[in-house]
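*Asks:* Starting off with a structure, shown below.
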Amino acid sequence: MGEYICSLCPRNCHAVRTEEGGQGVCRMGILPKVARAVPHFWEEPCISGTKGSGTIFFSGCVLSCVFCQNYCISQEHHGKTMTVEGLIQLMRHLAGQGVHNINFVSPTPYAESIIEALTQYRPPVPVVYNTGGYEKTETLRRLEGLVDVYLPDLKYIRPEVSAKYSHAADYAAYALPAIHEMVRQTGRPVFDDNGLLLKGTVVRHLILPQNTRNSIEVLDTLQREFGDSILVSLMGQYIPMGRAADFPEINRRITRREYEKVLLHYEDLGLDGFVQELSSANVQYVPDFSDDDPLKGVNSP
1310 MGEYICSLCP
1320 RNCHAVRTEE
1330 GGQGVCRMGI
1340 LPKVARAVPH
1350 FWEEPCISGT
1360 KGSGTIFFSG
1370 CVLSCVFCQN
1380 YCISQEHHGK
1390 TMTVEGLIQL
1400 MRHLAGQGVH
1410 NINFVSPTPY
1420 AESIIEALTQ
1430 YRPPVPVVYN
1440 TGGYEKTETL
1450 RRLEGLVDVY
1460 LPDLKYIRPE
1470 VSAKYSHAAD
1480 YAAYALPAIH
1490 EMVRQTGRPV
1500 FDDNGLLLKG
1510 TVVRHLILPQ
1520 NTRNSIEVLD
1530 TLQREFGDSI
1540 LVSLMGQYIP
1550 MGRAADFPEI
1560 NRRITRREYE
1570 KVLLHYEDLG
1580 LDGFVQELSS
1590 ANVQYVPDFS
1600 DDDPLKGVNS
1610 P
């Protein structure tokens, strides 16, 4: 691939990226760096099903959220670099395990490689694009016809909140048009006879401590902008990780009162989707990225 001047995400770094390194916000090269690839059972029921989601966790991220539960890969870059051919082989390996879909987590820095891989190989199961929501519509348009299910976050509406915790005051200004583009591509959710999602957009929102007003504004916006054209996944799994200790107001789990306040509003709006129990705020649900060989057992180049 050689060198690449990058403008894939809203950061618009225009950084020079080589195959294995770069000086942009994500610090990643062009070739995919993978931290883990496994059948994953802790996504929404329509994604994980009974056989798991074939999840490929990429290293690097365009957001750098201070509370990220995957901090060691999103910002410390644990993982293994592979070729596009290696990524194709990895998808084949996961599909061969009988997973319900191929699920790309934090894929944005590698959109070029993912597009190339999916152009060469179309998995026999749906492709899921699992993202923090901070996306450029221009990049998403290039994925049309290659992605079946979009799984974005809508983390924030208020610029001061997104600036503080994700260094992106313009988060909502990009995330909302991005979700509109995702919905345009996928249409309304389509399920198979077993309740598994074949096509559609599921928007996630994680409730943060001391930020219930932000959550309520997010839910209001989703109902107003998208109605029943999306599914909304309300998440209560927040655990202070990453650099959350530097921000005392979010350096704790959410309270039952905070959770129920946002849940009640979700129900009052009549949103369709999924609600995560407060008990999900448990480290046992945080993926383990500590293995020195993140792709152990996978024969990738």
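Per my numbering, the sequence shown starts with residue 1310, numbered consecutively. Just so you know, even glycine gets a beta-carbon here, dropped at the ideal spot from N, CA and C.
1) In whole angstroms, what separates the C-alpha of Val1434 from that of Val1408?
2) Can we say the segment 1492-1512 touches the segment 1557-1570, given the rule of at least three CB pairs closer than 8 Å?
3) Using the C-alpha atoms, what's the distance from Arg1451 back to Arg1401?
4) Please list, in chain order, all residues of the same chain as Ser1316 whose beta carbon is under 7 Å from its beta carbon, the five residues on each side excluded.
5) Use the C-beta contact count for Pro1610: other C-beta atoms within 10 angstroms, 16 or more gives buried, fewer gives exposed.
6) Could you give the DSSP three-state label for Pro1416: helix, strand or coil?
7) Going along the chain, which residues of its own chain have a beta-carbon closer than 8 Å to the beta-carbon of Cys1430, five neighbours each way excluded?
8) Taking 7 Å as the limit between beta carbons, can you name the residues of its chain near Ala1472, skipping five residues before and five after?
9) Output the boundary residues of the beta strand (DSSP E) element that contains Leu1507.
10) What does a CB cutoff of less than 8 Å around Leu1578 pick up in its chain, not counting 5 residues either side in sequence?
11) Could you confirm whether any beta carbon from chain B is found closer than 7 Å to the beta carbon of Leu1543?
12) I'd like the list of long-range same chain contacts for Lys1570, defined as Cβ closer than 7 Å, with 5 residues on each side in sequence excluded.
13) Should Asn1410 go down as buried or exposed, given a rule of 16 or more other Cβ atoms within 10 Å for buried?
14) Going by the DSSP bridge assignment, what does Asn1439 pair with across the sheet?
15) Check for me: the alpha helix (DSSP H) holding Arg1566 runs from which residue to which?
*Replies:* Concretely, from the data shown:
1) 8 Å
2) no
3) 22 Å
4) His1323
5) For Pro1610, the pLDDT reaches just 39, beneath the cut-off of 50, and the residue's location in the model is therefore unreliable, leaving the point undetermined.
6) coil
7) According to the sequence displayed, residue 1430 carries Tyr and not Cys. For Tyr1430, where only same-chain residues beyond five positions count, the Cβ hits under 8 Å are Ile1397, Met1400, Arg1401.
8) Ala1478
9) 1506-1515
10) Leu1528, Asp1529, Gln1532
11) Given the protein chain composition of this structure (a single chain), no chain B is represented.
12) Thr1521
13) buried
14) Val1414, Leu1460
15) 1565-1578
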